[in-house]
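All remarks here apply to the structure that follows.
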Amino acid sequence: MNRSEIVALMIAKELERFDHPSINKDSTNVKLSRNKENPDKCELEVRLYDKEGAYVLEDHGMEPYYVVPGLLFSVSEKGSKVCIERVYVKPEYRGNDLGTEVVRCFELAATLARARVICLDADLETKAGDYWKTKHGFAYREDTNPNYMEKDLILN
Numbered sequence: 030m031n032r033s034e035i036v037a038l039m040i041a042k043e044l045e046r047f048d049h050p051s052i053n054k055d056s057t058n059v060k061l062s063r064n065k066e067n068p069d070k071c072e073l074e075v076r077l078y079d080k081e082g083a084y085v086l087e088d089h090g091m092e093p094y095y096v097v098p099g100l101l102f103s104v105s106e107k108g109s110k111v112c113i114e115r116v117y118v119k120p121e122y123r124g125n126d127l128g129t130e131v132v133r134c135f136e137l138a139a140t141l142a143r144a145r146v147i148c149l150d151a152d153l154e155t156k157a158g159d160y161w162k163t164k165h166g167f168a169y170r171e172d173t174n175p176n177y178m179e180k181d182l183i184l185n
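In my numbering, the protein residues as written are 30 to 185.
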């Protein structure tokens, strides 16, 4: 097991414990998968359900047989870099900080697992970068990709 897998497993354990008034904690499902092209990269797909069993995230169909999950994280660079790939909460579940709280859980778990950097691609059309900058302390860091944002994770 490589360092990225260890960090991903540590984060997965914390995400499995995630609790929020909008969800049924016992139905939370975290799936860890290894990237076939890059053995140092792992992905964590998180599935959250409300108290009635309804799925609260918004998946995105890419091809006839491929769906990008509504909540997806990745771990790479020997566990030192973690990324928020997607956080899409269905409109009817927005406004109660569900997305914010799951990101905070992921960030805390990544910090405890000794990851050094957390990153994401902010949607420029929706001005998501402003949200990530003001609410979560992210900053634009890369000239080649105007959407790319990072935040250093430092354990005090």
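Note that beta-carbon positions come from the ideal geometry of N, C-alpha and C, so glycine has one too.
Leaving out five residues before and five after residue i in sequence, what residues of the same chain have Cβ atoms less than 7 Å from its Cβ?
i	result
Gly90	Val96
Tyr160	none
Lys162	Ala168
Ala157	Ala151
Arg32	Lys107 and Gly108
Using 8 Å for Cβ pairs, my map puts residue i next to residue j. What's the rounded Cβ distance?
i	j	result
Ser103	Cys134	With 8 Å as the limit, Ser103 and Cys134 do not qualify as a contact, their Cβ atoms being about 16 Å apart.
Leu153	Asn176	6 Å
Leu77	Ile40	Actually they do not touch by this definition, with Cβ atoms about 15 Å apart.
Val36	Glu87	So it is not a contact: roughly 27 Å between Cβ atoms.
Considering just the uninterrupted stretch of the alpha helix (DSSP H) at residue i, what are its terminal residues?
i	result
Val132	Leu127 to Leu141
Gly158	Ala157 to His165
Can you name, in chain order, every residue of its own chain whose Cβ lies under 6 Å from the Cβ of residue i, other than the five neighbours on each side?
i	result
Asn125	Ser51
Going by the CB atoms, is the gap between residue j and residue i shorter than 8 Å?
i	j	result
Val131	Leu182	no
Ala142	Gly166	no
Val111	Ala151	no
Leu127	His49	yes
Val75	Leu100	yes
Thr129	Lys180	no
Glu106	Asp69	yes
Leu149	Ile113	yes
Specify, as a first and last residue, the run of the beta strand (DSSP E) that residue i falls within.
i	result
Lys180	Tyr177 to Asp181
Asp150	Val146 to Asp150
Tyr16	One cannot answer for residue 16 here, as it falls past the ends of the chain, which runs 30 to 185.
Ser105	Leu100 to Ser105
Cutting at 8 Å between CB atoms, please list the residues of its own chain near residue i, excluding the five before and the five after it.
i	result
Pro98	Glu74, Val75, Arg76, Leu86, Asp88 and Arg115
Gly82	Asn53 and Ser56
At which residue ranges does the stretch 31-88 contain complete alpha helix (DSSP H) runs of 4 or more residues, listed in the order of the chain?
-> Within the stretch 31-88, the complete alpha helix (DSSP H) runs of at least 4 residues are 32-45.
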